[in-house]
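Protein chains in written order, with my numbering: chain A, 30 to 520; chain B, 2 to 129. Think of the CB as a built atom: it goes at the ideal place given N, C-alpha and C, for glycine as much as any other residue. Here's the structure, in structure tokens; my notes come after.
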Ligand code: SF4
Ligand code: SF4
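Here you go:
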């Protein structure tokens with residue numbers, strides 16, 4: 030038995046379409062089998078609601094008098110990109126306010142959708158046709174010509190989960206990660222999310238009409254970083270028709286701003302295969318838990334995991350139970366599935382056939398880099414001392430060698446560090462003794478193969494200006510200082 | 002019963018809690034403390050039967066006492082029920098209800114404030 034989208038739309042118009050949510054469909058297929066389920070069910074609604082950084086909106090503000098060719102433009106102090114045309118701009122959800130902490134592009138978009146005004150401020154260089162050089166005014170969605178949400182990458186089919194092996198708290202786009210595998214966070218709604226219910230992208234493609242933040246929107250292609258089964262969608266919709274209920278400006282503390290986006294996609298059950306696809310269970314959807322404690326592109330995989338385990342609230346890592354936090358709202362995703370179901374049943378939402386398919390095979394390539402600079406290439410010789418070196422002698426060494434840091438080594442292993450400041454203070458206070466009394470014992474170190482950016486971040490985080498470079502046995506190989514690094518990174 | 006105690010520059014240097022324990026025999030559990038040179042704030046937990054007595058003794062020593070009912074406050078207008086706060090809470094006071102909405106189990110909350118620092122929609126606040 031094969032149905033067409035047109036036949037399903039006819040049923041919608043006649044008011045006798047059978048729509049179920051993705052959650053309901055699992056049960057129906059389990060009971061009836063795919064063949065029979067395909068006969069009974071015409072449409073399955075899916076939903077997701079998560080923080081989707083890759084979101085934003087195009088605006089056309091209309092022309093001022095005299096006109097301006099906006100070179101830079103801000104909405105509530107959040108800068109939008111104007112390199113498009115005189116009064117067109119793209120506001121990205123993750124752009125941060127220049128004046129208010131915890132506020133960004135996502136909040137501006139939500140404020141506008143709520144029907145409120147925002148401040149528009151623009152500057153320009155002035156041309157013969159656009160003489161004005163600056164403008165400040167208030168605008169709402171009623172005042173602009175177009176306001177189009179256009180999201181380069183939304184609705185991830187599945188996503189890597191996150192944990193943290195390091196001994197400090199991490200603030201990430203995956204939420205706050207507690208030290209020593211203290212928690213796991215994950216994104217995506219698993220078996221009810223759109224692309225997991227159409228893994229071959231048979232019905233979701235270019236031109237598919239979707240529910241986008243309460244409005245009717247469209248898939249306009251595969252999203253950026255689309256790499257099945259980690260598929261993504263590029264979507265658009267009219268901001269003016271959206272409902273603030275189904276979006277939310279957000280700020281991940283310590284990371285930045287983003288936007289919670291609500292997406293629902295109806296899946297036409299064309300045949301038994303589609304019925305089978307929409308019966309997918311969380312237990313069949315796998316992803317990986319990555320260790321964000323390692324700040325490298327190739328974050329180590331801690332383990333494989335299914336959405337069923339992630340959703341259960343705890344997963345096991347190294348024999349211990351670790352609690353999980355979703356970052357997508359299952360409550361909102363269900364509301365979206367049900368709302369979309371209602372709209373289709375009421376004849377308010379008709380389905381479309383894709384005009385083109387999105388790729389089923391694609392790889393997510395890493396960036397081609399000129400070089401990855403590692404600590405080894407910038408470290409300098411370290412002048413080490415033993416713990417029973419006298420403070421006077423340490424002071425002499427600092428002056429003679431023109432250095433600020435002396436790693437303290439015992440039996441070849443790093444046990445502390447003294448800085449010129451420690452020594453100066455000891456001298457000023459007329460302390461006569463050994464460096465072991467004034468050294469810092471808890472030394473932050475780096476390794477020869479560590480990228481310089483990570484070493485720089487360690488110094489910044491700990492407010493220190495040098496890191497001894499050690500091997501795995503804590504033998505001191507050299508030292509890197511913030512001066513050397515900043516010279517290098519400035520290049 | 003949980004109480005927030007505010008100390009001023011005088012009381013902050015006195016062994017107020019020890020004295021209270023000696024006088025009442027109540028076991029006082031310190032949940033959170035921030036004590037500076039001039040003022041301090043301590044969150045304590047006392048068994049309900051002794052609560053009134055402890056409060057009285059504290060007050061006679063010049064400590065400002067606020068009885069704490071409830072827990073971290075969640076603004077349901079702002080909360081999207083994402084669950085980002087759930088795995089952060091040390092006492093499992095935050096959890097999903099049957100409708101997949103995130104709720105606070107007030108009696109478990111120790112007012113540590115960990116969750117208020119992670120919520121992406123700023124929906125969580127401590128009541129004092
Ligand atoms: S993190 Fe904030 S928005 Fe998310 S469930 Fe908790 S209170 Fe609600
Ligand atoms: S304040 Fe602390 S104990 Fe209370 S809900 Fe938040 S994290 Fe849990």
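Check: Assuming residue 235(A) contacts residue 387(A) under a Cβ cut-off of 8 Å, what Cβ separation, rounded to an integer in Å, is found between them?; Outcome: 7 Å
Check: Using CA coordinates, which residue listed in 69(A), 90(A), 41(A), 400(A) is at the minimum distance from residue 300(A)?; Outcome: 69(A)
Check: Report yes if the C-beta distance between residue 165(A) and residue 148(A) is below 8 Å; otherwise report no.; Outcome: yes
Check: Threshold first: 3 residues or longer. Then list the beta strand (DSSP E) segments lying entirely within the segment 315–394 of chain A, N to C.; Outcome: 315–320, 330–335, 343–346, 349–355
Check: DSSP puts residue 293(A) in a beta bridge; with which residues?; Outcome: 76(A), 240(A)
Check: Is the segment 303–322 of chain A in contact with the segment 200–217 of chain A, if contact means three or more CB pairs nearer than 8 Å?; Outcome: yes
Check: Check whether the Cβ of residue 278(A) sits closer than 7 Å to any heavy atom of ligand 2, and report yes or no.; Outcome: no
Check: Return the first residue and the last residue of the beta strand (DSSP E) that residue 182(A) is part of.; Outcome: 175–183
Check: Should residue 128(B) be counted as a contact of ligand 1 given a C-beta to heavy atom distance under 7 Å?; Outcome: no
Check: Output the distance between the C-alpha atoms of residue 373(A) and residue 215(A), rounded to the nearest integer angstrom.; Outcome: 31 Å
Check: For residue 71(A), which three-state DSSP category applies?; Outcome: coil
Check: Which complete beta strand (DSSP E) runs does the segment 132–199 of chain A hold, if anything under 3 residues is left out?; Outcome: 147–152, 163–168, 175–183, 190–192
Check: So is the beta-carbon of residue 91(B) under 7 Å away from any non-hydrogen atom of ligand 2?; Outcome: yes
Check: Measure from the C-beta of residue 357(A) to each C-beta in chain B and report whether the shortest distance is under 8 Å.; Outcome: yes
Check: Kindly list, in the order they appear in chain A, the residues whose Cβ is closer than 9 Å to that of residue 112(B).; Outcome: Correct list: empty, because the minimum Cβ distance to chain A is about 18 Å.
Check: In the DSSP assignment, find the alpha helix (DSSP H) that holds residue 310(A) and state where it starts and stops.; Outcome: From DSSP, residue 310(A) is part of no alpha helix (DSSP H); its letter is neither H nor E.
Check: When you check each C-beta in the segment 72–85 of chain B against every C-beta of chain A, which residues fall closer than 7 Å?; Outcome: 81, 82, 83, 84, 85
Check: By DSSP's criteria, residue 451(A) is part of a beta bridge. Which residues make up the other side?; Outcome: Paired residue(s): none; residue 451(A) is not in a bridge.
Check: Residue 204(A) versus chain B: which residues are under 7 Å apart at the beta carbon?; Outcome: 85, 119
Check: Are the C-beta of residue 363(A) and some C-beta of chain B separated by less than 8 Å?; Outcome: yes
Check: I'd like to check one pair, residue 452(A) with residue 495(A): are the Cβ atoms closer than 8 Å?; Outcome: no
Check: Taking the alpha-carbon positions, what's the residue 342(A) to residue 377(A) distance?; Outcome: 37 Å
Check: Could you compute how far the alpha carbon of residue 53(A) sits from the alpha carbon of residue 313(A)?; Outcome: 17 Å
Check: Select from the segment 15–36 of chain B all residues with a C-beta closer than 9 Å to any C-beta belonging to chain A, and list them in chain order.; Outcome: none
Check: If we count the other Cβ atoms within 10 Å of its Cβ and call it buried at 16 or more, is residue 338(A) buried or exposed?; Outcome: buried
Check: Between the alpha carbons of residue 336(A) and residue 311(A), how many angstroms are there, rounded?; Outcome: 5 Å
Check: If the cut is a Cβ gap below 8 Å, which residues of chain B does residue 238(A) touch?; Outcome: Those do not exist, as residue 238(A) stays about 25 Å from chain B at its closest Cβ, beyond 8 Å.
Check: Look up residue 9(B) in the DSSP assignment and say whether it is helix, strand or coil.; Outcome: coil
Check: Does the CB of residue 360(A) have a neighbour CB from chain B at under 8 Å?; Outcome: yes
Check: Indicate whether the contact test is met: 3 or more Cβ pairs, each with one atom in the segment 72–91 of chain A and one in the segment 116–129 of chain A, closer than 8 Å.; Outcome: yes
Check: Since residue 263(A) and residue 180(A) are thought to touch, with beta carbons under 8 Å apart, how far apart are those beta carbons, to the nearest angstrom?; Outcome: 7 Å
Check: Going by DSSP, name the residue or residues bridged to residue 101(A).; Outcome: 152(A)
Check: What did DSSP end up calling residue 20(B) once you bin it into helix, strand or coil?; Outcome: helix
Check: Taking 8 Å as the CB-CB cut-off, is residue 92(B) touching chain A?; Outcome: no
Check: Is residue 214(A) close to chain B, meaning its C-beta is less than 8 Å from at least one C-beta of that chain?; Outcome: yes
Check: May I ask whether a heavy atom of ligand 2 can be found less than 7 Å away from the beta carbon of residue 94(B)?; Outcome: yes
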